[in-house]
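Each number in my numbering corresponds to the 1-based position in the sequence shown with 28 added. Below is one structure; the comments refer to it alone.
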Amino acid sequence: MIRLHPPLVALLLFFLGYLWFAREIPLDLWASAGGFSARSFPYLAGCLGAAAVGIELAYRLLTGSRSSLASGPTLKATPQIGKMIILIALYITGIEWLGFIIASILFLTLGSRLINPTALRNLLPIAILTPLGLWGLLYVLEIHLPSGSLLQMLMESK
């Protein structure tokens, strides 16, 4: 009997939907004519995610195995997973308003504290330098990330 793991099927559908909606990301007038655009990294992330889940599903179908993932998360981890899902949703919705850099710093800081409480003096340099480095790399590749409505409102008020 073939038994599919419903969370893996749901995750595969999520990544396929992510790829579908990545096509709708608008390209700016200043997008480079080369292979890189605002859609490049969403396509990469969606393909990698779908491939990883597809490999796991294929492995389970071919071997009939049930890994430790089959039992699902423990009850102790369930509230933490729920909080992380809420944090991801807030990050996605807040990125347009706060901008990529501020939203990413907040997301990395709060997410890291939620998963594994770490001293802020150890966490903040990484939480600040990672989005700044990624923003710099994407800027060089001429992929423009949202600066945020909040920043624009503050700059217009001066």
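In this text, a Cβ means the ideal position worked out from N, Cα and C, and glycines have one as well. Note that this is a predicted model, so its numbers are computed, not measured.
Length of the line joining the Cα atoms of leucine 134 and leucine 166: Mapped onto the sequence shown, residue 134 falls at position 106. Mapped onto the sequence shown, residue 166 falls at position 138. Going by the C-alpha atoms only, they are around 20 Å apart.
Cβ distance (whole Å) where glycine 74 is taken to contact alanine 50 below 8 Å: To locate residue 74, count along the sequence shown from 1; it is residue 46. To locate residue 50, count along the sequence shown from 1; it is residue 22. With a Cβ gap of about 6 Å, glycine 74 and alanine 50 count as contacting.
Straight-line Cα distance separating glutamate 124 from glutamate 184: Numbered from 1 along the sequence shown, position 156 holds the residue referred to as residue 184. Numbered from 1 along the sequence shown, position 96 holds the residue referred to as residue 124. If you take the alpha carbons of glutamate 184 and glutamate 124, they lie about 17 Å apart.
Which of helix, strand or coil DSSP assigns to arginine 67: Stepping through the sequence shown from its first residue, residue 67 is reached at position 39. Coil, per DSSP.
Three-state secondary structure (DSSP) of arginine 51: Position 23 of the sequence shown, counting from 1, holds the residue named residue 51. DSSP places arginine 51 in coil when its eight states are reduced to three.
Candidates Gly176, Trp48, Ala79: closest to serine 132 by CA position: As a first step, residue 132 must be located in the sequence shown, where it is residue number 104. Among Gly176, Trp48, Ala79, the Cα nearest to that of serine 132 is on Gly176.
Close-in-space but distant-in-sequence residues of the same chain around glycine 127 (CB under 6 Å, 5 per side omitted): Against the sequence shown, residue 127 aligns to sequence position 99. Hits under 6 Å: Pro174, Ser175, Gly176, Leu179.
Residue environment, isoleucine 129, which counts as buried when at least 16 other CB atoms sit within 10 Å: Position 101 of the sequence shown holds residue 129. Classification for isoleucine 129: buried.
Touch test, the segment 105–120 against the segment 140–147, Cβ-Cβ under 8 Å, three pairs minimum: yes
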